[in-house]
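Residue numbers (the UniProt record's numbering): 11 to 180. For each residue, glycine too, the CB sits at the ideal point set by N, CA and C. Please read all numbers here as calculations on a predicted model, not as lab measurements. The structure appears right after this line, and notes come after that.
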Ligand code: FAD
């Protein structure tokens, strides 16, 4: 009936959950773990445009807490931009800082289901910090791992620097 396939974190779970809903560790619906479409009912997400035609809202309205997709897009923008500004030849201290940052990021990421999978990826695929190119490639591979999980198209990692640092070649 569309109410039973939610993913629950530790803690008390409500009896009836909407399909696709992920619960937080407090047992309440986790906005940053769930898409806006799953968070609201389908009828609630259909709004009237100014032309009077109905359209389906694809994300939370401006000024509202992010859903799993908005949080993800913003986070990938930050992560790839960090690789783009990383030194070509980093010092041991810079490499250690990046390892610490990625370790903490993977623990603090607000979508706990995403965070758990990302931590698992990082155990199997140690972050490569020895150069900008290695770090940029590693991040691209990490992002592709999530793309595959979500059934999205993989990104061509030979193009990561054009996408995130130099801009596209003509
Ligand atoms: P995004 O995947 O957010 O990508 C943004 C842009 O990055 C794309 O438009 C493209 O230009 C570029 N890009 C795409 N792939 C690559 C790549 N491999 N390398 C470089 N650039 C690339 N969502 C879930 O539903 N479940 C999860 O378990 C989950 N885990 C996540 C874990 C992490 C660490 C992060 C940061 C996000 C996670 N997300 C998860 C969110 C998910 O990855 C997407 O951000 C979200 O679904 C929105 O996708 P999108 O299609 O708008 O583009």
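Run of the alpha helix (DSSP H) containing residue i, from where it starts to where it stops
| i | result |
| --- | --- |
| residue 174 | Residue 174 -> no alpha helix (DSSP H), and no H or E assigned at all. |
| residue 48 | 46–49 |
| residue 78 | 78–95 |
Straight-line Cα distance separating residue j from residue i
| i | j | result |
| --- | --- | --- |
| residue 33 | residue 178 | 40 Å |
| residue 28 | residue 44 | 11 Å |
| residue 39 | residue 69 | 16 Å |
| residue 165 | residue 150 | 8 Å |
| residue 127 | residue 152 | 11 Å |
| residue 175 | residue 108 | 18 Å |
| residue 180 | residue 98 | 24 Å |
| residue 37 | residue 118 | 18 Å |
| residue 142 | residue 48 | 38 Å |
| residue 114 | residue 144 | 20 Å |
| residue 163 | residue 173 | 15 Å |
| residue 135 | residue 84 | 23 Å |
| residue 161 | residue 104 | 34 Å |
| residue 61 | residue 124 | Residue confidence is low: residue 61 scores 46 on pLDDT, short of 50, so the model does not pin down where it sits. No coordinate-derived value is stated. |
Check whether residue i and residue j have beta carbons under 8 Å apart
| i | j | result |
| --- | --- | --- |
| residue 42 | residue 71 | no |
| residue 93 | residue 146 | yes |
| residue 223 | residue 81 | The question about residue 223 has no answer, for the chain in this structure spans 11 to 180. |
Whole-number beta carbon distance between residue j and residue i, since they are thought to touch under 8 Å
| i | j | result |
| --- | --- | --- |
| residue 132 | residue 116 | 6 Å |
| residue 158 | residue 148 | Residue 158 to residue 148, Cβ: 16 Å. No contact. |
| residue 122 | residue 35 | 6 Å |
Write down every uninterrupted run of the alpha helix (DSSP H) in the segment 107–156 whose length is 4 residues or greater and which is fully enclosed by it, in chain order.
122–134
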